[in-house]
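At position 7 of the sequence shown the residue is numbered 226 (our numbering), and the sequence of numbers has no breaks. All C-beta atoms, glycine included, are put in the ideal place defined by N, C-alpha and C.
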Amino acid sequence: PRDHDHRMRWHATGPVGVSWEDPAQFSEVRHSGNRYAASQGNWLNNLATYMRKEAEETLPAGHSLELTIVDIQRAGRYEPWLAPNLQDARIIREMYPPRMTLRFREVDASGAVVAEGERKLSDTAFLMNSTRMSDTDPLRYEKRMFNDWLRSTLTRRSRLAAASWCIGSRDSAGGDAPV
220 PRDHDHRMRW HATGPVGVSW EDPAQFSEVR HSGNRYAASQ GNWLNNLATY
270 MRKEAEETLP AGHSLELTIV DIQRAGRYEP WLAPNLQDAR IIREMYPPRM
320 TLRFREVDAS GAVVAEGERK LSDTAFLMNS TRMSDTDPLR YEKRMFNDWL
370 RSTLTRRSRL AAASWCIGSR DSAGGDAPV
């Protein structure tokens, strides 16, 4: 998008950093049906700010997380052929789900890499999932898709780490105890 620098880093201070690849190459811009409208506004900065905030709240203490948006296709498309007055309107249909390719790297307090990789996120049931009728946030579907990934990834890993920590030692009564 127009106001986004290639490979810009957003809020690098703190435990979570969010950056992105060249937005001009995003599916959102290349395949939207209205390249000009798709590249307007501050939506990428808003999404990055949201992702950073949510990840900071979910991330275990002492950990850091680097997120890179490799590609994104927001929910809906522009369908300028419907009517001349709808050329700048994003049409939300089931056939246009939100999709994002996300690269991540999580590091613990000692500097050891806990997890890293690239994931292709998609929410094909985005219209069936509950969203408040009053929710007019234009990024609500992308935010929910990110939250689902974040919570399932970090929460699952935290549970596994806690389970292995508890199994590591037993107290004198035979129960699990911290080391």
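Decide if residue i is buried, meaning its Cβ has at least 16 other Cβ atoms within 10 Å, or exposed.
i	result
aspartate 356	exposed
glycine 281	exposed
leucine 369	buried
valine 332	exposed
alanine 328	exposed
proline 303	exposed
tryptophan 239	buried
aspartate 307	exposed
alanine 344	exposed
Is the beta carbon of residue i sitting closer than 8 Å to the one on residue j?
i	j	result
leucine 373	threonine 277	yes
glycine 295	arginine 318	no
isoleucine 288	serine 246	no
glutamate 326	arginine 271	Glutamate is not the amino acid found at residue 326; the sequence shown has valine there. No. Outside cutoff.
leucine 284	leucine 358	no
For residue i, which residues of its own chain have a beta-carbon under 6 Å away from its beta-carbon, when the five flanking residues on both sides are left out?
i	result
lysine 461	Residue 461 is absent from the model: the chain starts at 220 and stops at 398.
arginine 322	Thr287, Val289 and Glu337
lysine 339	Thr320
alanine 334	Glu325
alanine 381	Here alanine 381 scores only 48 on pLDDT, less than 50, and its place in the model should not be relied on; the value that follows carries that caveat. Once the five neighbours on either side are set aside, alanine 381 has no close Cβ partner at all.
Distance, Cα to Cα, residue i vs residue j?
i	j	result
glutamine 244	isoleucine 311	22 Å
arginine 293	arginine 324	23 Å
proline 242	aspartate 367	23 Å
cysteine 385	tyrosine 360	At cysteine 385, the pLDDT of 48 sits below 50, so the modelled position is not reliable; the number obtained from the coordinates is stated separately. Each residue's Cα considered, the two are about 37 Å apart.
valine 248	leucine 263	12 Å
tyrosine 297	aspartate 354	20 Å
phenylalanine 365	methionine 314	19 Å
leucine 301	glutamate 273	37 Å
valine 237	glycine 330	19 Å
So, for residue i: in the same chain, excluding its five sequence neighbours on each side, which residues have a beta-carbon less than 7 Å away from its beta-carbon?
i	result
glycine 233	Glu275
aspartate 222	Residue placement at aspartate 222 is poorly supported in this model, since its pLDDT is 43, which falls under 50; the coordinates still yield a value, given next. If we look at aspartate 222 and ignore the five residues flanking it on each side, its Cβ neighbours are Asn261.
proline 316	Ala294, Ser341, Asp342, Thr343 and Phe345
Quick one: does residue i have its CB under 8 Å from some CB of chain B?
i	result
arginine 359	Among the chains of the structure shown, chain B does not appear; only one protein chain is present.
Residues in its own chain within less than 8 Å of residue i by CB, not counting five upstream and five downstream?
i	result
asparagine 348	Asp342 and Arg363
- Task: Identify every run of the beta strand (DSSP E) within the segment 301-349, keeping only runs that are complete inside it and at least 3 residues long; order them along the chain.
- Result: The segment 301-349 contains these whole beta strand (DSSP E) runs: 318-326 and 332-341.
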